[in-house]
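S.K.: In this note's numbering, the protein residues as written are 1 to 94.
Just so it is clear, CB atoms sit at the ideal spot from N, CA and C, and this is done for glycine as well.
Right, I'll just put the structure down here and ask away after.
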Amino acid sequence: MSVIMVVLISTFFITSANSATFVLSMFSTRGDLNPPKGKMAVWGFLQAALAFVLLMTGGLKNLQIVSIAAAAPFTVVMILACWSMMKGLQQEHG
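Structure, rendered in structure tokens:
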């Protein structure tokens, strides 16, 4: 794997983790757009620890299974969002 690929993949994971940490910190401070740095550090540590434990206990396969299981409930939300959009488009057109 080339150095450029490693840099790109690392950048993707770092920015994704940073975004997730920021959003979780915002949610845990009731929507504060400037959450405390300490709370962001705790969420970042928890995410890193969870990923590390999942990788050490079952490798990448275990991490993939947990990711799919965690994302599965969002399929219901996505289906409802699609249904709502179709209903809104029909009302707007008709």
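I need the straight-line Cα distance from residue 86 to residue 78, nearest angstrom please.
M.R.: Within the model, the alpha-carbon separation for residue 86 versus residue 78 is close to 12 angstroms.
S.K.: Measuring straight from C-alpha to C-alpha, what distance separates residue 9 and residue 16?
M.R.: When rounded, the distance between both Cα atoms is 11 angstroms.
S.K.: Any idea what DSSP makes of residue 62, helix, strand or coil?
M.R.: helix
S.K.: Looking at the unbroken alpha helix (DSSP H) that takes in residue 18, where does it start and where does it end?
M.R.: 3 to 28
S.K.: Residue 55 and residue 63 look like a contact to me (Cβ under 8 angstroms); what is the Cβ gap, rounded to whole Å?
M.R.: 6 angstroms
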